[in-house]
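**Q** If you scroll down you'll find the structure; I have some questions about it.
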Ligand SMILES: C[S@@+](CC[C@H](N)C(=O)[O-])C[C@H]1O[C@@H](n2cnc3c(N)ncnc32)[C@H](O)[C@@H]1O
Ligand code: SF4
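Residue numbers (this note's numbering): 12 to 273.
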């Protein structure tokens with residue numbers, strides 16, 4: 012899977028990517044009109060490129076999903092029609108990042124993505140409502156977890172960044188996520204002793220938080236399996252009845268059609 016703004020996509024490039032084993036593309040869309048999206052991206056004509064790319068992708072059986080950042084440019088009501096006109100059938104929302112402590116620069120505190128807690132809560136509500144009209148990949152339970160986050164309420168689903176998901180930078184340093192202030196190690200020094208699993212819920216990054224919610228059930232099953240192998244029946248039972256297992260399964264079931272495409 013590759014995330015791209017689509018500016019360099021051509022039919023031959025898409026075929027090359029498919030031949031290299033890519034199964035799907037995620038293409039950024041910043042607004043619900045061609046004019047606002049292209050102006051924000053600084054890429055005149057990119058909407059036509061995206062339309063063409065989506066046609067080619069469909070023809071060769073590759074999938075594409077729109078990636079929309081939850082910014083003040085987005086008109087949530089107009090989004091389904093615009094995304095459909097570009098050839099998308101699904102969308103994943105990027106939770107707004109205003110500050111990151113790693114060397115990853117995909118954040119901004121310049122205003123477009125800065126929200127009050129109330130406006131961000133409302134934005135998550137709009138995304139939940141959108142699910143009635145268009146396929147939104149972020150699980151409903153994850154959106155509700157983010158609503159609890161902005162209201163400073165207890166978080167229910169531990170993040171698995173550093174244990175199941177990572178951020179690998181261009182120097183091949185491995186970080187638990189791109190919010191974290193220091194890398195775990197160089198990729199060349201990585202082994203299981205470096206894994207971190209502390210149930211962190213410090214920040215809202217959809218890549219890790221949505222995926223963790225869906226992975227939690229698999230991790231509980233793996234824990235149960237490891238415990239039963241060691242004859243630790245109490246630990247096995249604890250892993251099986253862990254709070255959050257049912258919700259994790261519900262999130263997987265909700266997104267199963269999307270997950271099964273890969
Ligand atoms: C790794 S990034 C960018 C990938 C690619 N270079 C592009 O621009 O499409 C993945 C997604 O994060 C989004 N993004 C950019 N700035 C953001 C921010 N401040 N908060 C949340 N998401 C953001 C991008 O729009 C993109 O869809
Ligand atoms: S909750 Fe946020 S800061 Fe904590 S590990 Fe997950 S992505 Fe990183």
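Glycine included, C-beta positions come from ideal geometry on N, C-alpha and C.
Just so you know, these numbers come straight off a predicted model, no measurement behind them.
Could you name the residues of the same chain whose beta carbon sits closer than 7 Å to that of residue 228, not counting the 5 residues immediately before and after it, in chain order?
**A** Closer than 7 Å at the Cβ level, and outside the excluded window around residue 228, lie 256, 259, 260 and 263.
**Q** Does the beta carbon of residue 208 fall short of 7 Å from some heavy atom of ligand 2?
**A** No, the Cβ of residue 208 stays beyond 7 Å of every heavy atom of ligand 2.
**Q** Could you give the distance in angstroms between the alpha-carbon of residue 82 and the alpha-carbon of residue 241?
**A** Cα to Cα, the separation comes out at about 49 Å.
**Q** How would you write the range of the beta strand (DSSP E) that residue 104 sits in, first residue to last?
**A** Residue 104 -> beta strand (DSSP E) spans 101-105.
**Q** List the whole-angstrom C-beta distance separating residue 167 from residue 230, where the pair is believed to meet the contact cut-off of C-beta under 8 Å.
**A** Wrong, their Cβ atoms sit about 15 Å apart, outside the cutoff.
**Q** Kindly identify the DSSP beta-bridge partner or partners of residue 79.
**A** The partner list for residue 79 (beta bridge, DSSP) reads 104.
**Q** So, at 6 Å on beta carbons, what are the nonlocal neighbours of residue 215 in its own chain, with the 5 sequence-adjacent residues on each side left out?
**A** Same-chain partners within the cutoff: 106, 157 and 160.
**Q** Could you tell me the alpha carbon to alpha carbon distance between residue 14 and residue 76, rounded to whole angstroms?
**A** Taking the straight line from one Cα to the other gives about 9 Å.
**Q** Evaluate residue 39 with the Cβ neighbour count: other Cβ atoms within 10 Å of its Cβ, from every protein chain shown; 16 or more gives buried, anything less gives exposed.
**A** Looking at its Cβ environment, which holds 16 or more other Cβ atoms inside 10 Å, residue 39 is buried.
**Q** Using 8 Å as the Cβ pair cut-off and three pairs as the minimum, do the stretch 108-128 and the stretch 182-198 touch?
**A** The answer is yes - the stretch 182-198 touches the stretch 108-128, with three or more Cβ pairs under 8 Å.
**Q** Given the structure, does residue 167 come close to ligand 2, in the sense that its CB is under 7 Å from one of the ligand's heavy atoms?
**A** Incorrect: residue 167 has no Cβ contact closer than 7 Å to ligand 2.
**Q** Is the beta carbon of residue 172 within less than 7 Å of some heavy atom of ligand 2?
**A** Residue 172 Cβ: within cutoff of ligand 2.
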